[in-house]
Amino acid sequence: MPNSRTISADITDIDEARTVGGKLFYPHDVEVTDRGGQFGVHLAVRSFGPVTVGRLAYESAVRVGTGPLGDGYQVNVPATGAIRTAYGRDTVLATPTMAAVHSPHRPTCLEGWGGGEDVMTLKLDRFVVEDTLERLLGHPLRSPLEMAPGLSVDRGPGQQVWQLARVLIHQVYAVRADEHGAAAGESVFDASPFTDSLAQSIITGLLYAHEHNYAEELRRPAAASGPAAIRAAVAYIEEHAAEPIGVSDVAGHAGLCMRALQQGFARHLETTPSEFLRQVRLGRVRDALLTSDAEATTVATVASSWGFFSLGRFAAQYREAYGETPSQTLRRKP
1 MPNSRTISAD ITDIDEARTV GGKLFYPHDV EVTDRGGQFG VHLAVRSFGP VTVGRLAYES
61 AVRVGTGPLG DGYQVNVPAT GAIRTAYGRD TVLATPTMAA VHSPHRPTCL EGWGGGEDVM
121 TLKLDRFVVE DTLERLLGHP LRSPLEMAPG LSVDRGPGQQ VWQLARVLIH QVYAVRADEH
181 GAAAGESVFD ASPFTDSLAQ SIITGLLYAH EHNYAEELRR PAAASGPAAI RAAVAYIEEH
241 AAEPIGVSDV AGHAGLCMRA LQQGFARHLE TTPSEFLRQV RLGRVRDALL TSDAEATTVA
301 TVASSWGFFS LGRFAAQYRE AYGETPSQTL RRKP
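Right, here's the structure in full:
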């Protein structure tokens with residue numbers, strides 16, 4: 001669903017909720033499970049390329065059922081409380097530390113919201129996910145991708161991926177809807193090509209962080225990549241750092257599958273392609289801050305122009321790299 005702004009709605013009619021929710025998420029059925037409970041739902045959705053983020057809050061306990069999702073992989077994390085979820089025969093209790101993950105191939109059922117839970121949602125375009133996995137593996141998928149039904153988001157790689165996802169999810173929590181349901185105010189995320197790169201990073205990160213039927217193969221060493229291919233990748237990153245490039249772009253230019261690129265960077269440079277790109281962009285931000293007029297520009301403007309949208313995280317990374325804050329750099333000359 002390609003919308004560039006947040007769609008937000010408060011609905012009290014259950015039939016309208018089915019219709020609107022079916023357009024924004026998936027076709028589904030919903031029923032109130034509280035005796036005498038009044039139906040109401042707040043939902044907000046926004047798409048960033050292949051990733052659609054949202055929030056879903058019912059006013060009373062409900063049961064939501066879908067058929068096979070078809071076109072998306074779904075990740076749901078309650079901000080508070082717990083939601084009982086079923087994916088085929090698998091069940092997961094989704095909590096703020098445990099995500100429920102649904103693949104496109106089987107029906108799903110969600111039960112809860114009796115305690116006013118607010119659920120953060122992440123829909124990943126099925127075809128982009130599967131294309132990304134094929135690029136990582138270097139061959140077509142032999143069977144459908146099936147993800148494990150639960151992912152810990154409070155530790156390890158799952159937490160790192162979820163932190164990336166929350167940068168986008170925050171946009172639907174920060175928005176204030178006007179009477180027509182359109183988001184008010186401007187955002188650096190509006191029509192920003194860097195959000196597509198961030199969305200792709202979330203997909204790639206989930207494939208590495210989560211268990212699925214290709215995870216073991218994905219973690220095995222790829223065919224060794226030589227120094228020349230890695231030099232080509234480095235040159236491409238340095239030349240195109242101002243563009244919304246991702247790991248798949250770098251791998252394609254270097255003539256490698258993404259897994260071989262990742263392992264080649266680890267072997268030859270002791271880093272990852274994403275980290276190398278981030279360090280190059282941090283350096284370009286520093287150059288811009290050193291040559292900018294502190295009265296005419298802001299750290300936020302410069303940082304966002306290089307794809308850094310979480311200013312707190314950016315400031316911490318910058319200070320770790322250069323031993324001073326971005327604002328200190330802006331206030332002085334080289």
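Residue numbers for the sequence shown follow full-length UniProt numbering, beginning at 1 and rising by one.
For every residue, glycine included, the Cβ atom is placed at its ideal position computed from N, Cα and C.
According to DSSP, is residue i part of a helix, a strand, or is it coil?
{"i": "residue 275", "result": "helix"}
{"i": "residue 218", "result": "helix"}
{"i": "residue 74", "result": "strand"}
{"i": "residue 10", "result": "strand"}
{"i": "residue 141", "result": "coil"}
{"i": "residue 36", "result": "coil"}
{"i": "residue 380", "result": "Because residue 380 is not part of the residues shown, which for the chain are 1 to 334, the question remains open."}
{"i": "residue 197", "result": "helix"}
{"i": "residue 2", "result": "With a pLDDT of 41 at residue 2, under the threshold of 50, the modelled position of that residue is not reliable, and no figure is offered here."}
{"i": "residue 184", "result": "In this prediction, residue 184 scores a pLDDT of 44, lower than 50, which makes its location untrustworthy; the coordinate-derived value is nonetheless stated afterwards. Looking at residue 184 - three-state DSSP - the assignment turns out to be coil, as it is neither helix nor strand."}
{"i": "residue 178", "result": "Note that residue 178 scores 41 on pLDDT, short of 50, meaning its location in the model is unreliable and no value can be drawn from it."}
{"i": "residue 161", "result": "helix"}
{"i": "residue 20", "result": "helix"}
Let me check one thing: in DSSP terms, what residues is residue i bridge-paired to?
{"i": "residue 29", "result": "65"}
{"i": "residue 46", "result": "53"}
{"i": "residue 58", "result": "41"}
For the beta strand (DSSP E) that residue i lies in, which residues bound it at each end?
{"i": "residue 85", "result": "83-87"}
{"i": "residue 150", "result": "150-152"}
Give a single yes or no on whether residue i has its beta carbon closer than 7 Å to a heavy atom of the ligand FAD.
{"i": "residue 325", "result": "As presented, the structure is devoid of all ligands, the ligand FAD included, so that no description of it is given."}
So residue i and residue j are supposed to be a Cβ contact under 8 Å. How far apart are they, rounded?
{"i": "residue 325", "j": "residue 289", "result": "Not really, about 10 Å apart at Cβ, beyond 8 Å."}
{"i": "residue 212", "j": "residue 147", "result": "5 Å"}
{"i": "residue 44", "j": "residue 129", "result": "Contact doesn't hold; Cβ gap of about 23 Å is too wide."}
{"i": "residue 274", "j": "residue 247", "result": "6 Å"}
{"i": "residue 280", "j": "residue 241", "result": "5 Å"}
{"i": "residue 77", "j": "residue 96", "result": "7 Å"}
{"i": "residue 65", "j": "residue 28", "result": "6 Å"}
{"i": "residue 30", "j": "residue 59", "result": "Between residue 59 and residue 30 the Cβ distance is about 12 Å, and since that is not below 8 Å, they are no contact."}
{"i": "residue 75", "j": "residue 113", "result": "Not a contact, Cβ separation roughly 18 Å."}
{"i": "residue 50", "j": "residue 199", "result": "5 Å"}
{"i": "residue 132", "j": "residue 203", "result": "5 Å"}
{"i": "residue 277", "j": "residue 230", "result": "Their Cβ separation, rounded to whole angstroms, is 14 Å, which puts residue 277 and residue 230 out of contact at 8 Å."}
{"i": "residue 218", "j": "residue 137", "result": "7 Å"}
{"i": "residue 254", "j": "residue 233", "result": "4 Å"}
Jot down the residue ranges of each uninterrupted alpha helix (DSSP H) in the segment 91-139, minimum 4 residues, whole runs only, in chain order. Considered as a whole, the segment 91-139 harbours 126-137 as its complete alpha helix (DSSP H) runs of no fewer than 4 residues, in chain order.
Output the residue ranges of the alpha helix (DSSP H) runs that lie fully inside the UniProt domain "HTH araC/xylS-type" (231-332) and measure 4 residues or longer, sorted by chain position. As for any alpha helix (DSSP H) of minimum length 4 sitting wholly inside the UniProt domain "HTH araC/xylS-type" (231-332), the runs are 247-254, 258-269, 273-290, 299-305, 311-322 and 326-331, ordered along the chain.
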